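When we follow UniProt numbering, the leftmost residue of the sequence shown carries the number 1, and every step to the right adds one. Heads up, the beta-carbon is just placed ideally off N, CA and C, and yes, glycines get one too. Since the model is a prediction, treat every value here as computed from it, not as a measurement. Here's the structure we're looking at; comments come further down.
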Amino acid sequence: MSSGKRKILLVGGGTLGSVSPLLAISANYPAEYLFIGTIDGPEKDFVLSQGIANFQAIKSGKLRRYFDVKNFSDIFQTVAGFFQSLKIIWNFKPDIVLTAGSFVAVPVVFAAWLLRKPVIVHQQDIAVGLANKLMAPFAKKITVLFPEQVKDFDSRKTVITGNPVRSVKIDLEKNEPLVLITGGGLGARTMNEFVKQFVPKILAAGFKVYHLLGAKNADQSLSLDGYYSDKFINKNMMDILARADIVISRAGMSSISEAAALKKALVLIPMTGTHQERNAAFLAKKNAALMIRQYNYKIMDRYLDKLLNKEDLRKALGDNLNNLFPQNAVNDYVILINQILNE
């Protein structure tokens, strides 16, 4: 390999869960980066805000495991994305391609394999999604968070790295107690509706509330003293997370990993019928988070009574969560990239 600056192609999108780990790598590995994402997803603004100036969107189709008329039209979108990917990779000439999942990555990985570019596929969630199942055979290496996930892939090319997380400079100055509510990069309208019933209870316990509603959910904001809402945060999300005493969240593994790095007491409300339920159940079984089914008001009320009034319980949950995750994910990922590039 040349001793000049590396070229790295990052690909993900549709949601921000597949984007955040890649940006954690880019912040810690000097290289020339190109990010490929979806045409209408939320990732473009997020990627640009994190210092990657080169972003290109391609067509992509969702590969569903159930019957849907869109399955047929989306095949053509994926094929179109494949040819777009061939052109982008041919012109950019990356040394390596990194993805943390999403359907937009599938045609890119196929094109990278055809052009003999090494690929690392990162698996975050406990349940393996269809996109990663399709990409895994074409990957040079597959990275996972926990030993329990190795069995889902070819063990000869699977590496336990943990989940790369963006760094944050924690302000040790004492702040008012804070509960952060977030439904992820796109927000979660049904979760907002459920959780807002408990905001007065949280405020009455002496906590402030910072609620990330999602870009389309501004109408769900409340008018209460001590309650603050926003549609979306690009640059300061990790700083807000660092200040929180309790985080109420969906159960995407990217946001969970960020909470784990900061030892946060985590209340997970997974999206019903999705991979998030497996994530939340895995962590709850390890006493690393509290899992609540959406609209289970009694359990939510009971758990909040405990968390809001018991600092030792919040600390124990945060410590358990942090201890569960590998501690040097970014460094281990960088080592893996260098190993592949120096072969």
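Exercise. Do you know how far the Cα of P200 is from the Cα of K59?
Worked result: Along the sequence shown, one-based indexing puts residue 59 at 59. Along the sequence shown, one-based indexing puts residue 200 at 200. Their Cα atoms are separated by approximately 44 angstroms.
Exercise. Does DSSP put D230 in a helix, a strand or coil?
Worked result: Start at 1 with the first residue of the sequence shown, and residue 230 comes out as number 230. D230: strand per DSSP, three-state reduction.
Exercise. Going by the beta-carbon positions, is the gap between A23 and P94 smaller than 8 angstroms?
Worked result: The residue you call residue 23 lines up with position 23 of the sequence shown. The residue you call residue 94 lines up with position 94 of the sequence shown. Sequence inspection shows Leu at residue 23; the Ala mentioned does not correspond to that position. Taking the C-beta atoms as reference points, P94 is found no nearer than 8 angstroms to L23.
Problem set entry | Rounded separation between D319 and K264 - CA only | Sequence index remark: in the sequence shown, residue 319 carries index 319 (1-based). Sequence index remark: in the sequence shown, residue 264 carries index 264 (1-based). A direct Cα-Cα distance of roughly 8 angstroms separates D319 from K264.
Exercise. Should the segment 278-290 be regarded as contacting the segment 249-257, the criterion being three or more beta carbon pairs within less than 8 angstroms?
Worked result: At 8 angstroms Cβ cutoff, the stretches touch.
Exercise. In chain order, which continuous runs of the alpha helix (DSSP H) of length 4 or greater are located wholly inside the UniProt domain "Glycosyltransferase family 28 N-terminal" (8-143)?
Worked result: Here the runs fully enclosed are 20-26, 43-49, 70-92, 105-114, 130-135.
Exercise. What are the boundary residues of the alpha helix (DSSP H) that includes T272?
Worked result: Working through the sequence shown from its first residue, we reach residue 272 at position 272. Here T272 belongs to no alpha helix (DSSP H), and DSSP marks it neither H nor E.
For this session: Check whether the Cβ atoms of A260 and V179 lie closer than 8 angstroms to each other.
Result: By 1-based counting over the sequence shown, the position of residue 260 is 260. By 1-based counting over the sequence shown, the position of residue 179 is 179. In this structure, A260 keeps its C-beta atom at 8 angstroms or more from the C-beta atom of V179.
Exercise. Taking Cβ positions, are V108 and I25 nearer each other than 8 angstroms?
Worked result: Residue numbering aside, residue 108 sits at position 108 when the sequence shown is read from its first letter. Residue numbering aside, residue 25 sits at position 25 when the sequence shown is read from its first letter. No, the pair does not count as a contact, with Cβ atoms beyond the cut-off.
For this session: Give the range of the beta strand (DSSP E) segment to which L212 is assigned.
Result: Sequence index remark: in the sequence shown, residue 212 carries index 212 (1-based). Run containing L212: 208-212, per the beta strand (DSSP E) assignment.
For this session: Can you grab the Cα-Cα spacing for the pair S49 / Q123, in whole Å?
Result: For the purposes of this step, residue 49 is identified with residue 49 of the sequence shown, where counting begins at 1. For the purposes of this step, residue 123 is identified with residue 123 of the sequence shown, where counting begins at 1. If I take the Cα positions, the gap works out to 25 angstroms.
Exercise. Per DSSP, what kind of secondary structure is L224 in: helix, strand or coil?
Worked result: Translated into positions along the sequence shown, residue 224 becomes position 224. DSSP places L224 outside both helix and strand once states are collapsed to three, so it counts as coil.
Exercise. Taking the C-alpha atoms as reference points, what is the distance between A316 and K306?
Worked result: On the sequence shown, residue 316 is found 316 positions in, with the first residue counted as 1. On the sequence shown, residue 306 is found 306 positions in, with the first residue counted as 1. The alpha-carbon of A316 is positioned some 12 angstroms away from that of K306.
Exercise. Closest by CA to I39, which one among K5, A27, G81?
Worked result: Here residue 39 corresponds to residue number 39 of the sequence shown, with the count starting at 1. Relative to the Cα of I39, the nearest Cα in the group K5, A27, G81 belongs to G81.
For this session: Report yes if the CB atom of I120 is closer than 8 angstroms to the CB atom of K141, and no otherwise.
Result: The residue given as residue 120 occupies position 120 in the sequence shown. The residue given as residue 141 occupies position 141 in the sequence shown. Taking 8 angstroms as the Cβ cut-off, I120 and K141 qualify as a contacting pair.
Exercise. Taking one C-beta from the segment 324-341 and one from the segment 296-314 each time, how about it: are there three or more such pairs within less than 8 angstroms?
Worked result: Contact between the segment 324-341 and the segment 296-314 is absent, because fewer than three Cβ pairs lie under 8 angstroms.
Exercise. Three-state secondary structure (DSSP) at S254?
Worked result: Here residue 254 is taken as the residue at index 254 of the sequence shown, counted from 1. Helix, per DSSP.
Problem set entry | Per-residue burial, G51 [other beta carbons within 10 Å of its own, 16 or more giving buried] | Working through the sequence shown from its first residue, we reach residue 51 at position 51. When all chains shown are included, G51 counts as exposed.
For this session: Helix, strand or coil for S155, going by three-state DSSP, please let me know.
Result: Numbered from its first residue, the sequence shown carries residue 155 at position 155. Helix, per DSSP.
Exercise. When you compare only the Cα positions, how much space is there between G162 and Q339?
Worked result: In the sequence shown, residue 162 corresponds to position 162, counting from 1. In the sequence shown, residue 339 corresponds to position 339, counting from 1. The alpha-carbon atoms of G162 and Q339 are separated by roughly 17 angstroms.
For this session: In angstroms with no decimal places, state the Cα-to-Cα distance between I88 and Y29.
Result: Along the sequence shown, read from residue 1 onward, the residue named residue 88 stands at position 88. Along the sequence shown, read from residue 1 onward, the residue named residue 29 stands at position 29. So the alpha carbons of these two residues sit roughly 22 angstroms apart.
Problem set entry | Any non-hydrogen atom of the ligand COA within 7 angstroms of I248 CB | Among the ligands in the structure shown, none appear at all, so the ligand COA cannot be discussed.
For this session: Could you check what DSSP says for N331 in three-state terms: helix, strand or coil?
Result: As a first step, residue 331 is located in the sequence shown; it is residue number 331 there, counting from the start. In this structure, N331 counts as helix in the three-state DSSP scheme.
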